[in-house]
Amino acid sequence: MEYTLIKMKVLEPLPPVFEKVKDRNIFLVAATLRPETMYGQTNCWVKPEIRYMASELKNGDIVISTERSARNMSYQLITADFGKMVKVDSVGRGGYLTGQDLLGAKLRAPLTSHDHLYVLPMMNVRDDKGTGIVTSVPSDSPDDFAALRDLQKKEALRSKYGITEEMVKYDPIPIIDVPDLPPASADPKYQGLAAVFLVESDKTLVSQNDQEKLTVAKELVYSKGFYEGVLRVGPYKGKKVQDVKKKIQQELIQSGDALLYFEPEGKVISRSG
Ligand code: ZZB
266 MEYTLIKMKV LEPLPPVFEK VKDRNIFLVA ATLRPETMYG QTNCWVKPEI RYMASELKNG
326 DIVISTERSA RNMSYQLITA DFGKMVKVDS VGRGGYLTGQ DLLGAKLRAP LTSHDHLYVL
386 PMMNVRDDKG TGIVTSVPSD SPDDFAALRD LQKKEALRSK YGITEEMVKY DPIPIIDVPD
446 LPPASADPKY QGLAAVFLVE SDKTLVSQND QEKLTVAKEL VYSKGFYEGV LRVGPYKGKK
506 VQDVKKKIQQ ELIQSGDALL YFEPEGKVIS RSG
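When we follow the UniProt record's numbering, the leftmost residue of the sequence shown carries the number 266, and every step to the right adds one.
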């Protein structure tokens, strides 16, 4: 599986786990199949309980990901030596940290219209896929919209994780018109917001925990939007996603904002758990 790894730069004030590497460039890296949706990023997701690792790339950047994906990266000419991960021991506890340590961190992400965005908690982040860090595009990803809506609505959930109202004051950005989503008969406020339309029109879909319903919605957005979608923003406004997806990926790589990342298909066998 080929992913685009999006580099999201950690901004001041740095979370305490980065105290000893203040002068370095630190990035959270998120694996995505949808580089053309980066115009609509509103936040970044981690799972508080997941263990992450800090590792060093060839160019000296520090990147945060699961250890499993750091190992994968080391086989992809991203690190200085082939097959060798370089753990940065001065980050966190011997190079390791948790999602909890990253909550509320301020980031700069490429292409989005927001100057900065925040690291927020999502329960459905998996540690066995991608980097364990996910970039959030609530306009086009039902999971992202449901999880962001949970945090916006539930003060108890925010306070449990030390998330402020300011960190969740980000509306989904209409970036892609998906044919029939919403249908012409729907409220025009859903134009360019396929995932928002699907989640809000199902009154029984109440939270990020409604996984089965979210999976159905996700498949619908994928099947209708992946190739047929038309961009509403940016230099490729009016163009079909399928015609410009690769170009947008290439540009992100050229500008240093992204890397190519491959992951073996099927069940991944991890050597160190
Ligand atoms: C931005 C984005 C925008 C995504 C969108 C999806 C959508 P798949 O098909 O299940 O492989 N993702 C990546 N890593 C993880 C993880 N560790 N845990 C949970 N989710 C993860 O889906 C790959 C997508 O799953 C990735 O693409 C990422 O979210 C998320 F508009 O990145 B995506 C209809 C989906 N729309």
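No residue lacks a Cβ here, since even glycine has one placed at the ideal position from N, Cα and C.
Do residue j and residue i come within 9 Å of each other at the CB atom, strictly closer than that value?
i: TYR361; j: ARG316; result: yes
i: VAL384; j: VAL311; result: yes
i: GLU493; j: VAL506; result: yes
i: VAL443; j: LYS489; result: yes
i: HIS379; j: THR429; result: no
i: GLN514; j: THR302; result: no
i: LYS483; j: ASP467; result: no
i: THR331; j: MET350; result: no
i: GLY369; j: TYR426; result: yes
i: LEU279; j: ILE398; result: no
i: PHE527; j: ASN337; result: yes
i: VAL495; j: ILE441; result: yes
i: LYS371; j: GLU267; result: no
i: THR377; j: THR297; result: no
What three-state label does DSSP hand residue i in the structure shown?
i: ALA449; result: coil
i: ASN308; result: strand
i: VAL399; result: strand
i: MET338; result: helix
i: ASP409; result: helix
i: GLU321; result: strand
i: VAL275; result: strand
i: PHE462; result: helix
i: TYR361; result: strand
i: LYS371; result: strand
i: VAL485; result: In the sequence as presented, Val is not what sits at residue 485; that position holds Leu. Helix at LEU485.
i: PRO500; result: coil
i: ALA296; result: strand
i: GLU530; result: coil
i: PRO269; result: Per the sequence presented here, residue 269 reads as Thr, with Pro not at that position. Strand, per DSSP.
i: ALA523; result: strand
i: PRO280; result: coil
i: residue 231; result: Residue 231 lies beyond the stretch modelled for the chain, which goes from 266 to 538, so this question has no answer here.
i: LYS287; result: coil
i: ARG423; result: helix
i: LEU376; result: coil
i: LYS512; result: helix
i: VAL443; result: strand
i: ARG414; result: helix
For residue i, count neighbouring C-beta atoms within 10 Å of its own C-beta (all shown protein chains included) and say buried if the count is 16 or more, exposed if not.
i: PHE347; result: exposed
i: LEU463; result: buried
i: TYR501; result: buried
i: ALA449; result: exposed
i: LEU342; result: exposed
i: ASN324; result: exposed
i: ARG358; result: exposed
i: THR396; result: buried
i: LYS419; result: exposed
i: PRO529; result: exposed
i: LEU446; result: buried
i: ALA421; result: exposed
i: TYR340; result: exposed
Tell me, to the nearest whole angstrom, how far the beta carbon of residue i is from that of residue j; I am working on the premise that it is less than 8 Å.
i: ASP522; j: PRO281; result: At roughly 26 Å, the Cβ-Cβ gap does not stay under 8 Å, so ASP522 and PRO281 are not in contact.
i: SER320; j: VAL286; result: That belief does not hold up - the Cβ atoms of SER320 and VAL286 are roughly 12 Å apart, past 8 Å.
i: ILE329; j: ARG289; result: Contact flag wrong, Cβ pair sits at about 12 Å.
i: THR363; j: GLU284; result: Contact flag wrong, Cβ pair sits at about 16 Å.
i: LEU322; j: THR344; result: 6 Å
Cβ contact check for the region 430 to 440 and the region 463 to 472: 3 or more pairs under 8 Å: no
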